[in-house]
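Peer 1:
Number of protein chains: 2
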Amino acid sequence: MAVTIREVAALAGVHVSTVSRALSAPHLVNAATRERVMASARQLGYRPNRAASALTTGRTHNLGLIVSDIANPFFPPLIKAAQAYSREREYHVFVADTDEDPQIEEELIRTLTKQVDGVVLVAPRLTNQTIERLSLELPFVVVNRKVKGVSTVLMDIGHGTETAVAHLCDLGHRHLALLAGPRTSWTSEQMRRAAGRAAEARQVQLTVIGPNAPSEHGGTAAASRVLASGATAVIAYNDLMAIGVIEGLTEAGAGVPGDVSVVGVDDTVAGRLSRPKLTTIMMPTAAAGRAAVDLLLQRIDDADDVQAQTILETGLTVRESTRPPAKP
Amino acid sequence: MAVTIREVAALAGVHVSTVSRALSAPHLVNAATRERVMASARQLGYRPNRAASALTTGRTHNLGLIVSDIANPFFPPLIKAAQAYSREREYHVFVADTDEDPQIEEELIRTLTKQVDGVVLVAPRLTNQTIERLSLELPFVVVNRKVKGVSTVLMDIGHGTETAVAHLCDLGHRHLALLAGPRTSWTSEQMRRAAGRAAEARQVQLTVIGPNAPSEHGGTAAASRVLASGATAVIAYNDLMAIGVIEGLTEAGAGVPGDVSVVGVDDTVAGRLSRPKLTTIMMPTAAAGRAAVDLLLQRIDDADDVQAQTILETGLTVRESTRPPAKP
DNA sequence: GTGAAAGCGCTAACAC
DNA sequence: GTGTTAGCGCTTTCAC
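Chains as they are written, first to last, in numbering that gives the first Met the number 0: chain A, 0 to 327; chain B, 0 to 327.
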């Protein structure tokens, strides 16, 4: 076994409790002894055993980060930022992937409960009710969802959607299709509403298609319905779905952006790399990752169960997949 | 605090140790009492506190997974597979990103040591010597690296590289460039050797350029040197770099694959999505993730420090970025 | 300012 | 087959 607080105490010629204090509450300890303790600790290469301290303090210094699909390029920048920021704040993070399955999600939270001080749920597939229930036992921060009593980080997709609709209308489109995401996605619901409002305001037709799987395949599968609807422009739930629908449309003989314009959401590498380069609603994923951890630690440290909320701006990145509609 | 083994014991009318046994060594307990214990546990929603049991058993049931850059599309499928497989085996995984920085990598391993039963190092940036030293304190599995005394999962990039060289030679190329990766990358070194051998065997010229950053930027930055070398085909260290060099070449007026052919490595979504679609050496990332966890758990459970090794096959995925050289 | 002692939740000898 | 006991490494009263 590795070096313990005992050995540090022995070397420094003090009691273990003094070592403990020197390390976690330095101001309670004489400067001279503190120095001696620190020196011994350094010399022995002492590293506190967090499992042990978790037992007494109830603080594990670990966080959970639960996402629906790590392989979706939306998540990695968020995970990366959350993890880097946690490391700065001396927290480790368990990253878990639920494969879009609410049951796995709940089970994961359950088994993680004892091992973490809090959990960040990104775009959960769980119902609000379930999240509310679980949040009684453990601090949560939810990203892209509103849940009563739970701190949230929201990316203002409503605004981004309006901008996208405006962009398409300005190009001259009069009939838009919206490819919805998973049924329990808050983001998808926000998009639907915002698109509905914006379309009405501008007097253009809107066809909602879905729910669809938030993947390339979800997009290709929806292509025929887009064509059947007669829409000349489509806004997809995310970049992956947008790329998929472009494939599907192209295969069906409809050019993008020649015949149909396509807008994605997330602004992932995928959209930047695929051709035509995707016009997409930018989601501030890295900022969201940091903000979520920030809120979570705040909640953990203060324990005044204040429900905080951070709203992040979205924007429209116009590239090559949108263009005025073909003249009939 | 949540429900403990004590309360379960009280409800079942037995001693805590009986509960502990019923849960972790059921065969040591009378079937009837076991049932009673189980029932009580279920009724109270008891979940063992792993931090506590870690303290006595020395087993945390956690693993560490350390990668250089989560945002590199090479990693997510590996992480996803490793995590899903760990979950099946009742392990949680800490995922950490080192930002390509060996110092962060070492520090991360150090702080993780007490909290995990073992660590998977994917394409580490640390020196073999450092890894050997660290492996004395904790079981390791290294992916795409050979380290004395440490179990490894290798993707046979040498073979993939030979296949790629053969493919380019068959197309008629007589001068190839190899864009090397980071200096401490085992994969890069294997590629260099295999490409050297294969080029010599086929009597074609090979120019090695690098080291380069394993990113798009690393690729664009190297484009001018590719052009200067006079090579008509280039094999890049990974897909990202390949995409970058294509951008760089295109900007410099050299068409891909018209003037120069480009081969990537990894077979990520990025390569499939970008245009021209990338010809690339396929790396079995998901399989590697599972294999790594498998080896690690084996090592943890058996403790006979046998050094195991799993070799995974690579292959060549031919798409649009390679073509016969332009006639001079 | 520092030491002594109890205890976090659990497991692992050792009795019986 | 089950209870008793000690103790994992650390923190935290409580004395002094």
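Cβ atoms here follow ideal geometry from the backbone N, Cα and C, with glycine treated the same way. Every value quoted in this text rests on a predicted model; they were computed, and no experiment measured them.
8 angstroms is my cut-off, CB to CB: does residue 94(A) come that close to chain B?
Peer 2: Residue 94(A) counts as touching chain B.
Peer 1: Are residue 115(A) and residue 61(A) touching if we call contact CB-CB under 8 angstroms?
Peer 2: Yes; because the gap between Cβ atoms is below 8 angstroms, this pair is in contact.
Peer 1: Have a look at residue 91(B) and residue 91(A) and give me their C-alpha separation to the nearest angstrom.
Peer 2: One C-alpha to the other measures close to 12 angstroms.
Peer 1: With the cut-off set at 8 angstroms, would you say residue 198(A) and residue 160(A) are in Cβ contact?
Peer 2: It is not a contact, given that the beta carbons lie outside the stated cut-off.
Peer 1: Just to confirm before moving on: does the CB-CB distance between residue 59(B) and residue 50(A) stay below 8 angstroms?
Peer 2: Against a cut-off of 8 angstroms, the Cβ pair of residue 50(A) and residue 59(B) comes out as a contact.
Peer 1: Do residue 111(B) and residue 93(B) have their beta-carbon atoms positioned less than 8 angstroms apart in this structure?
Peer 2: Contact flag set, yes.
Peer 1: Beta-carbon separation of residue 291(B) and residue 119(B) under 8 angstroms?
Peer 2: Yes, the pair counts as a contact, with Cβ atoms nearer than the cut-off.
Peer 1: I want to verify the contact list: residues of chain B whose CB lies under 7 angstroms from the CB of residue 79(A), in sequence order.
Peer 2: The answer, in chain order, is 69, 70 and 96.
Peer 1: Tell me where the alpha helix (DSSP H) around residue 300(B) begins and ends.
Peer 2: Its alpha helix (DSSP H) spans residues 284-301.
Peer 1: Please name the residue, chosen from 300(B), 275(B) and 294(B), that lies closest to residue 321(B) on a Cα-to-Cα basis.
Peer 2: That would be 275(B), whose Cα lies nearest to the Cα of residue 321(B).
Peer 1: Of the choices 108(A), 27(A) and 238(A), whose alpha-carbon is the least far from that of residue 212(A)?
Peer 2: Of the listed residues, the one whose Cα sits closest to residue 212(A) is 238(A).
Peer 1: Could you name the residues of the same chain whose beta carbon sits closer than 6 angstroms to that of residue 141(A), not counting the 5 residues immediately before and after it, in chain order?
Peer 2: If we look at residue 141(A) and ignore the five residues flanking it on each side, its Cβ neighbours are 120, 149 and 151.
Peer 1: So which residues on chain A does residue 242(B) lean against when the C-beta distance must stay under 7 angstroms?
Peer 2: What residue 242(B) touches in chain A: 272.
Peer 1: To the nearest angstrom, report how far apart residue 207(A) and residue 318(A) are at their CA atoms.
Peer 2: Distance between the alpha carbons of residue 207(A) and residue 318(A) is about 24 angstroms.
Peer 1: For chain A, is any of its Cβ atoms less than 8 angstroms away from the one on residue 48(B)?
Peer 2: It does; some Cβ of chain A falls within 8 angstroms.
Peer 1: Is there at least one Cβ from chain A nearer than 8 angstroms to residue 91(B)'s Cβ?
Peer 2: Answer yes: the Cβ-Cβ gap between residue 91(B) and chain A drops below 8 angstroms somewhere.
Peer 1: Hey, which unbroken runs of the alpha helix (DSSP H) at 4 residues or more fall wholly within the segment 177-258 of chain A?
Peer 2: Those alpha helix (DSSP H) runs which fall completely within the segment 177-258 of chain A and span 4+ residues are 185-200, 215-228 and 238-250.
Peer 1: Could you name the residues of chain B that residue 113(A) contacts, counting a contact when the two beta carbons are closer than 9 angstroms?
Peer 2: Residues of chain B passing the Cβ test: 1, 46, 47, 48, 49, 50 and 51.
Peer 1: How far does the beta strand (DSSP E) with residue 309(B) in it extend, from its first residue to its last?
Peer 2: Residues 308-311.
Peer 1: Under the rule that 16 or more other beta-carbon atoms within 10 Å means buried, what is residue 305(A), buried or exposed?
Peer 2: Residue 305(A) comes out exposed.
Peer 1: Smallest Cα separation from residue 186(B): which of 56(B), 55(B) and 144(B)?
Peer 2: Of the listed residues, the one whose Cα sits closest to residue 186(B) is 144(B).
Peer 1: Counting contacts by CB-CB distance shorter than 8 angstroms, is residue 227(A) in contact with chain B?
Peer 2: Taking Cβ atoms only, chain B never reaches closer than 8 angstroms to residue 227(A), which makes this a no.
Peer 1: For the alpha helix (DSSP H) that residue 270(B) lies in, which residues bound it at each end?
Peer 2: Note, residue 270(B): alpha helix (DSSP H), 268-272.
Peer 1: Would you say residue 268(A) faces chain B, with C-beta separation under 8 angstroms as the test?
Peer 2: Yes, residue 268(A) lies at the interface with chain B (some Cβ there is under 8 angstroms from its Cβ).
Peer 1: Does at least one heavy atom of the ligand COA sit under 7 angstroms from the Cβ of residue 11(A)?
Peer 2: This structure does not include the ligand COA; it has no bound ligands of any sort.
Peer 1: Would you mind stating whether residue 21(B) and residue 28(B) have Cβ atoms separated by less than 8 angstroms?
Peer 2: Going by C-beta atoms, residue 21(B) is nearer than 8 angstroms to residue 28(B).
Peer 1: Mind checking if residue 54(A) is an interface residue toward chain B, Cβ cutoff 8 angstroms exclusive?
Peer 2: Yes, because at least one Cβ of chain B sits closer than 8 angstroms to the Cβ of residue 54(A).
Peer 1: Take residue 270(A) as the anchor and find which of 316(A), 103(A), 201(A) and 65(A) has the nearest alpha-carbon.
Peer 2: Checking every option, the nearest Cα to that of residue 270(A) belongs to 316(A).
Peer 1: Mind listing, in chain order, the continuous beta strand (DSSP E) runs of no fewer than 3 residues lying wholly within the segment 80-118 of chain B?
Peer 2: DSSP runs (the beta strand (DSSP E)) wholly in the segment 80-118 of chain B: 91-96.
Peer 1: Report the partner residues of residue 150(B) according to the DSSP bridge assignment.
Peer 2: According to DSSP, which records beta bridges pairwise, residue 150(B) is partnered with 140(B).
Peer 1: Would residue 178(A) and residue 164(A) be called neighbours here (beta carbons separated by less than 8 angstroms)?
Peer 2: Not a contact, by the Cβ cut-off of 8 angstroms.
Peer 1: Classify residue 25(B) as buried or exposed, calling it buried when 16 or more other Cβ atoms lie within 10 Å of its own Cβ.
Peer 2: So residue 25(B) counts as exposed.
Peer 1: Between which two residues does the beta strand (DSSP E) carrying residue 71(B) extend?
Peer 2: Unbroken run through residue 71(B): none, as it is neither H nor E.
Peer 1: Using the Cβ count rule (16 or more neighbours within 10 Å means buried), how would you classify residue 215(B)?
Peer 2: Answer is buried; the Cβ neighbour count reaches 16.
Peer 1: Quick check on DSSP: helix, strand or coil for residue 159(A)?
Peer 2: Of the three classes helix, strand and coil, the one that applies to residue 159(A) here is helix, per DSSP.
Peer 1: With DSSP as the reference, label residue 3(A) as helix, strand or coil.
Peer 2: Note: residue 3(A) maps to coil in three-state DSSP.
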